[in-house]
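My numbering applies: residue 35 is where the sequence shown begins, and numbers increase by one. Beta carbons are placed, not taken as given, at the ideal position from N, Cα and C, and that holds for glycine. For reference, the structure is listed below as C-alpha cells.
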Amino acid sequence: VREKELKETLSRLGRQPKLVITDSQVFDAVAKIVPKEVPLTSFSILFARYKGNLALAAKGAQTLGTLKDKDRVLICEGCTHHRQCNDIGTVKLPGWLTRYTGAQLTFETSSGTGFPEDLSGFAAIVHCGGCMLSAREMRYRMKCALDQNIPFTNYGVAIACMNGILPRSLAPFPALLRLLDET
Numbered sequence: 035v036r037e038k039e040l041k042e043t044l045s046r047l048g049r050q051p052k053l054v055i056t057d058s059q060v061f062d063a064v065a066k067i068v069p070k071e072v073p074l075t076s077f078s079i080l081f082a083r084y085k086g087n088l089a090l091a092a093k094g095a096q097t098l099g100t101l102k103d104k105d106r107v108l109i110c111e112g113c114t115h116h117r118q119c120n121d122i123g124t125v126k127l128p129g130w131l132t133r134y135t136g137a138q139l140t141f142e143t144s145s146g147t148g149f150p151e152d153l154s155g156f157a158a159i160v161h162c163g164g165c166m167l168s169a170r171e172m173r174y175r176m177k178c179a180l181d182q183n184i185p186f187t188n189y190g191v192a193i194a195c196m197n198g199i200l201p202r203s204l205a206p207f208p209a210l211l212r213l214l215d216e217t
C-alpha cells in the first residue's frame, strides 16, 4: 500500500503485521504510522543484507553524523535510469545529508558500471540497494571502500539513521543489533 493508505490498511488487518517493509524514501512517514512494536525495515536494507554486508552498511551510516564542511560524499546508483525531478541520488539524499550534518558537503555521483577505483578523496559513500547489480559487484564496491578506509552505507540504512530509526529498521536482524551495540 502507499503510505497515504497505510494507517487505514493497518486498522483493517485485524491484527498487527509481523513485519513492515517500506521504500526507504518514506521511512519517516511510515515510522510514525506503524506501531513501534512492529518491526520496520526497507527494501534497500534487505538488499544490503542479501547482496552486500549489512553490518558494514550500518557502521558506515553511523559515521554520517561526523561529516563536516567541504567533505566529499559519493552517491552511487547501480542503474542508469533517467533522472527525474526530485531524484533520490542527486536531490533528496544530498538535501537530507546536508540537513542531518549541518555541513556544507560536496556531492559527486556515479551510476551504472561507473565506480571510481580511487576513493581516497571521499569522506563517505552512500550506495543504492544494488537491485540492478550482482551481489559480487556490490561486495566488490564495499570491499574497495573498506580497503581504502572509506565509510560505506546504502540509501536505506543511511535514511533510517538520519531519521533516528536505525535500530528499529535493523530489528529483523537481532544478531546485527547486538553487534552494533558492542561498537
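Classification of residue i by the beta-carbon crowding that lies within 10 angstroms, buried from 16 upward
i: Gly164; result: buried
i: Lys85; result: buried
i: Val35; result: exposed
i: Glu111; result: buried
i: Gly123; result: buried
i: Pro128; result: buried
Residues near residue i in its chain [Cβ-Cβ closer than 6 Å; skip 5 each side]
i: Ile199; result: Ala65
i: Ala169; result: Lys85
i: Thr43; result: Val35
Cβ neighbours of residue i in the same chain (closer than 7 Å, five flanking residues each side left out)
i: Arg106; result: Thr140, Glu142, Gly155, Phe156 and Ala157
i: Ala205; result: Pro73 and Leu211
Given residue i as reference, the closest of the options once Cα atoms are compared
i: Thr183; options: Tyr134, Lys93, Arg170 and Thr147; result: Correcting the residue identity first, residue 183 is Asn in this sequence and not Thr. Nearest option by C-alpha distance: Lys93.
i: Ala95; options: Trp130, Lys52, Lys104 and Lys70; result: Trp130
i: Thr97; options: Arg173, Phe207 and Met196; result: Met196
i: Ser25; options: Ser45, Glu42 and Phe77; result: Residue 25 is absent from the structure shown; the chain starts at 35 and stops at 217.
i: Cys113; options: Met172, Lys70 and Arg46; result: Met172
i: Arg49; options: Thr100, Glu71 and Leu213; result: Glu71
i: Met166; options: Pro51, Phe207 and Ser145; result: Ser145
i: Thr256; options: Thr43, Gly99 and Thr187; result: One cannot answer for residue 256 here, as it falls past the ends of the chain, which runs 35 to 217.
i: Ile55; options: Ala194, Leu213 and Ala209; result: Ala194
i: Pro201; options: Gly136, Thr75 and Gln138; result: Thr75
i: Gly136; options: Glu39, Lys104, Pro51 and Leu47; result: Lys104
Cβ separation of residue i and residue j, assumed to be a contact under 8 Å, to the nearest whole Å
i: Lys126; j: Gln59; result: 7 Å
i: Val191; j: Ala89; result: So it is not a contact: roughly 10 Å between Cβ atoms.
i: Tyr272; j: Cys162; result: Look at the range of the chain in this structure, 35 to 217, and you will see that residue 272 is not part of it.
i: Lys41; j: Ile67; result: 5 Å
i: Thr187; j: Ala63; result: The pair is not a contact, with the Cβ atoms about 21 Å apart (cut-off 8 Å).
Same chain only: Cβ atoms within 8 Å of residue i, ignoring 5 sequence neighbours per side
i: Leu153; result: Leu108, Ile159, Cys178, Ala179, Gln182 and Ile184
i: Asn87; result: Arg173 and Met176
i: Glu37; result: Thr56, Val60, Ala63, Val64 and Ile67
i: Leu53; result: Val72, Pro73, Leu74, Thr75 and Pro206
i: Phe149; result: Cys110, Arg175 and Cys178
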